[in-house]
Amino acid sequence: MYLGPYTKEVSSQLKLGKTRIFDTTLREGEQTPGVAFRLEEKLTIAQRLDELGVNTIEAGFPSSSEGELYSVKSVARLGLKAEICGLARTVKEDVDACLKADLSCIHTFIGTSPWHLKYKLGISEEEAIKRAVETVEYIKDHGCTCEFSCEDATRTPFDFLVKIYKSVEEAGADRINVPDTVGVMNPEAMKSLISRLREQLKIVISVHCHNDLGLATANSLAAAVAGANQIQVTVNGLGERAGHASLEQVVVGLEVLYGGSTNIKKELITEVSRLVEKYSLIYNPPNYPIVGRNAFAHRSGIHVHGVIEEPACYEPFDPSVVGQTRRIVFGKHTGKHGVKTFLEQLGMKVSEEQLTKIVMKIRELGEAKKTLMDEDVFAIAESVIGGIPDREKAITLKELIVVTGSNVTPTASVTIEAGGKELRAAAIGVGPVDASAKAIEKAIGAIGQYTLDEYKIEAITGGTDSLASVEISIKDKFSNRFRAKAVDDDIVIASVGALIDAINKAMFYE
Numbered sequence: 220m221y222l223g224p225y226t227k228e229v230s231s232q233l234k235l236g237k238t239r240i241f242d243t244t245l246r247e248g249e250q251t252p253g254v255a256f257r258l259e260e261k262l263t264i265a266q267r268l269d270e271l272g273v274n275t276i277e278a279g280f281p282s283s284s285e286g287e288l289y290s291v292k293s294v295a296r297l298g299l300k301a302e303i304c305g306l307a308r309t310v311k312e313d314v315d316a317c318l319k320a321d322l323s324c325i326h327t328f329i330g331t332s333p334w335h336l337k338y339k340l341g342i343s344e345e346e347a348i349k350r351a352v353e354t355v356e357y358i359k360d361h362g363c364t365c366e367f368s369c370e371d372a373t374r375t376p377f378d379f380l381v382k383i384y385k386s387v388e389e390a391g392a393d394r395i396n397v398p399d400t401v402g403v404m405n406p407e408a409m410k411s412l413i414s415r416l417r418e419q420l421k422i423v424i425s426v427h428c429h430n431d432l433g434l435a436t437a438n439s440l441a442a443a444v445a446g447a448n449q450i451q452v453t454v455n456g457l458g459e460r461a462g463h464a465s466l467e468q469v470v471v472g473l474e475v476l477y478g479g480s481t482n483i484k485k486e487l488i489t490e491v492s493r494l495v496e497k498y499s500l501i502y503n504p505p506n507y508p509i510v511g512r513n514a515f516a517h518r519s520g521i522h523v524h525g526v527i528e529e530p531a532c533y534e535p536f537d538p539s540v541v542g543q544t545r546r547i548v549f550g551k552h553t554g555k556h557g558v559k560t561f562l563e564q565l566g567m568k569v570s571e572e573q574l575t576k577i578v579m580k581i582r583e584l585g586e587a588k589k590t591l592m593d594e595d596v597f598a599i600a601e602s603v604i605g606g607i608p609d610r611e612k613a614i615t616l617k618e619l620i621v622v623t624g625s626n627v628t629p630t631a632s633v634t635i636e637a638g639g640k641e642l643r644a645a646a647i648g649v650g651p652v653d654a655s656a657k658a659i660e661k662a663i664g665a666i667g668q669y670t671l672d673e674y675k676i677e678a679i680t681g682g683t684d685s686l687a688s689v690e691i692s693i694k695d696k697f698s699n700r701f702r703a704k705a706v707d708d709d710i711v712i713a714s715v716g717a718l719i720d721a722i723n724k725a726m727f728y729e
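Going by this note's numbering, the sequence shown opens with residue 220, and the numbers climb by one from there.
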């Protein structure tokens with residue numbers, strides 16, 4: 220971990236214990252608009268969460284439907300090491316549904332803020348306490364672990380909050396949970412609230428933070444510092460509205476920044492994140508912390524040089540810690556050092572002149588707003604290495620104009636420089652590439668006769684804006700073959716570039 224002295228100094232004084240991780244991806248996460256996991260997907264996610272090391276898996280809300288009850292029961296019957304939990308309102312029928320699902324843990328809740336009591340439930344504080352206590356006692360009478368939540372706890376008056384939590388603690392609850400239901404807490408307020416509750420309660424305190432104002436992770440970590448023993452999370456921060464505290468950020472924050480510990484096998488975090496992306500069809504933005512595709516990607520020449528020499532220059536920790544890999548992204552800011560190192564890793568040695576040409580081509584494509592993948596850079600390097608030095612080239616393409624379209628005969632005109640003179644020609648063909656090749660053949664007719672022997676084209680990476688790699692073989696009058704390759708985002712330009720390089724090779728070896 221590449222921490223600075225300030226973080227190290229403060230975290231060393233905190234002495235956090237081990238924090239339980241309560242994952243609610245299968246319940247809260249599935250409440251994300253547009254997300255609906257199939258049964259087999261729920262089972263796979265549960266198995267991977269168990270391998271990851273979460274303490275509790277909240278598998279769903281059994282009373283919501285027969286299908287939900289069946290899926291929760293199916294998760295419970297997997298025989299996982301993690302505690303399997305189901306959600307229930309403070310209603311007997313909800314608890315009974317959890318019991319039918321063979322759950323070892325039941326998470327029950329009731330709204331306690333003035334808004335929930337008045338507008339949603341229409342009950343008094345005393346009635347809320349009565350329902351909470353009766354439900355907790357009913358759950359404990361059936362031998363289940365009980366976690367109790369005051370929904371909208373962070374907007375509930377403190378005296379009432381303590382009163383209801385103490386009441387359920389006395390009734391036998393094993394854990395109490397403090398939901399920031401609409402994400403309106405800040406870290407200082409959360410730290411204060413949990414500290415005050417910790418003074419009043421003996422049982423495990425959990426938090427459940429929503430991300431409406433982007434503070435779910437910060438509030439969760441503040442709660443841990445203040446004495447919370449458990450944090451509820453979802454993979455990739457899935458959840459209602461703006462989502463929930465994300466498993467990956469909370470775990471890494473706890474262990475890397477605060478010196479705490481969890482049961483999580485961090486090296487599996489990225490793999491589990493990708494699985495949930497696949498099943499939920501909700502994909503993290505590239506710059507998403509910890510597990511985003513760009514979380515450990517470096518593009519600027521200065522940054523690339525620094526991270527190659529010493530990763531701590533531009534990374535908070537080694538990406539392998541969370542199952543990620545470092546990527547060098549090539550574009551208009553690419554520097555020579557990064558390209559040279561990348562090519563050396565592939566076993567490719569290039570001269571200074573070749574390296575300059577490769578970098579110039581990468582920057583040229585980068586200016587066209589293209590981000591080049593490793594395969595693109597490899598193809599560019601191959602085309603440059605396979606060519607001949609500029610000083611040895613007999614001909615150079617100065618200008619190419621192509622006209623094509625529907626109901627238009629493809630026409631190409633070229634200007635080629637050879638021996639200090641400009642050679643011009645135009646031709647038509649069955650397509651823009653054919654027309655260009657014929658125009659070049661016509662232009663150089665006086666200095667060499669070559670025939671096209673083979674033409675291959677492939678898209679290097681997927682997509683309509685993929686770079687095209689063109690390989691061409693030509694024959695001279697003695698049937699000697701000369702090959703060349705070129706790469707460009709324009710198929711015609713790549714084809715002409717390969718043809719010109721092949722002709723130069725032929726002339727060079729005459």
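In this text, a Cβ means the ideal position worked out from N, Cα and C, and glycines have one as well.
Hey, is the stretch 572-591 in contact with the stretch 526-539, meaning 3+ C-beta pairs nearer than 8 Å? When Cβ pairs closer than 8 Å are counted between the two stretches, the stretch 572-591 is seen not to touch the stretch 526-539, the count staying below three.
So what's THR354 in DSSP terms, helix, strand or just coil? helix
Work out the CA separation of ALA347 and PHE379 for me, nearest whole Å. 10 Å
Entirely enclosed alpha helix (DSSP H) segments - the stretch 680-722, minimum 4 residues: List check, alpha helix (DSSP H) in window: nothing returned.
Would GLY566 be called buried (16 or more neighbouring beta carbons within 10 Å of its own) or exposed? Its Cβ having fewer than 16 others within 10 Å, GLY566 is exposed.
Neighbourhood of LYS227 by C-beta distance below 7 Å, restricted to the same chain and skipping five residues each side: none
So, helix, strand or coil for GLY298, using DSSP? coil
Output the distance between the C-alpha atoms of SER602 and ALA705, rounded to the nearest integer angstrom. 5 Å
Which value, in whole angstroms, describes the spacing of the CA atoms of GLY462 and ARG582? About 38 Å.
Contact check, PHE241 vs GLU277, beta carbons under 8 Å: yes
DSSP three-state assignment for PRO629, whether helix, strand or coil: strand
Can you check DSSP and say which residues form a bridge with LYS640? ALA637
Under the assumption that GLU496 contacts ASN455 (Cβ atoms under 8 Å), give the Cβ distance between them as a whole number of angstroms. 7 Å
Give the straight-line distance between the Cα atoms of GLY305 and SER386, rounded to the nearest whole angstrom. Rounded to the nearest angstrom, the two C-alpha atoms are 22 Å apart.
Simplified DSSP state of GLY462, which is helix, strand or coil: coil
Nearest by alpha-carbon distance to GLY433: which of ILE450, ALA464, GLN419 and GLN451 is it? ALA464
Of the residues SER698, ILE604 and ILE691, the one placed nearest ILE712, counting alpha carbons only: ILE691
Let's see if you can read the secondary structure: which residues bound the beta strand (DSSP E) around GLN449? 449-452
If you draw a straight line from the C-alpha of GLY478 to the C-alpha of GLN266, how long is it? 28 Å
Measure the C-alpha to C-alpha separation of LYS359 and SER323 and round it to an integer number of angstroms. 11 Å
LYS780: which of SER655, GLY286, PRO398 and TYR498 sits nearest, CA to CA? Residue 780 lies beyond the residue range present for the chain, which begins at 220 and ends at 729; the question has no answer from this structure.
Please work out which residues of its chain come closer than 8 Å, Cβ to Cβ, to ILE679, disregarding the five sequence neighbours upstream and downstream, and give them in chain order. MET592, GLU594, ASP595, ALA598, SER685, LEU686, ALA687, SER688 and VAL706
Do THR630 and THR453 come within 8 Å of each other at the CB atom, strictly closer than that value? no
Validate contact between the stretch 483-495 and the stretch 434-446 using beta carbons, cut 8 Å, 3 pairs: no
What runs of the alpha helix (DSSP H), each 4 residues or longer, lie entirely inside the stretch 513-564? Taking only runs of at least 4 residues, the alpha helix (DSSP H) segments lying wholly in the stretch 513-564 are 520-528 and 555-564.
Quick test of your reading: GLN449 and SER425, contact by CB under 8 Å. State the CB separation rounded to the nearest angstrom. Rounded to whole angstroms, the Cβ separation of GLN449 and SER425 is 4 Å, and the two are in contact under 8 Å.
Assuming LYS551 and GLU528 make a contact with CB atoms under 8 Å, what is their CB distance in whole Å? Actually they are not in contact, since the Cβ atoms of LYS551 and GLU528 sit about 22 Å apart, beyond 8 Å.
Residues near PRO508 in its chain [Cβ-Cβ closer than 7 Å; skip 5 each side]: GLN468 and ALA514
Between which two residues does the beta strand (DSSP E) holding PHE241 run? 239-242
Any idea if SER499 is buried or exposed, counting beta-carbon neighbours within 10 angstroms, 16 or more meaning buried? buried
Under a three-way DSSP split, which group does ILE483 fall into? coil
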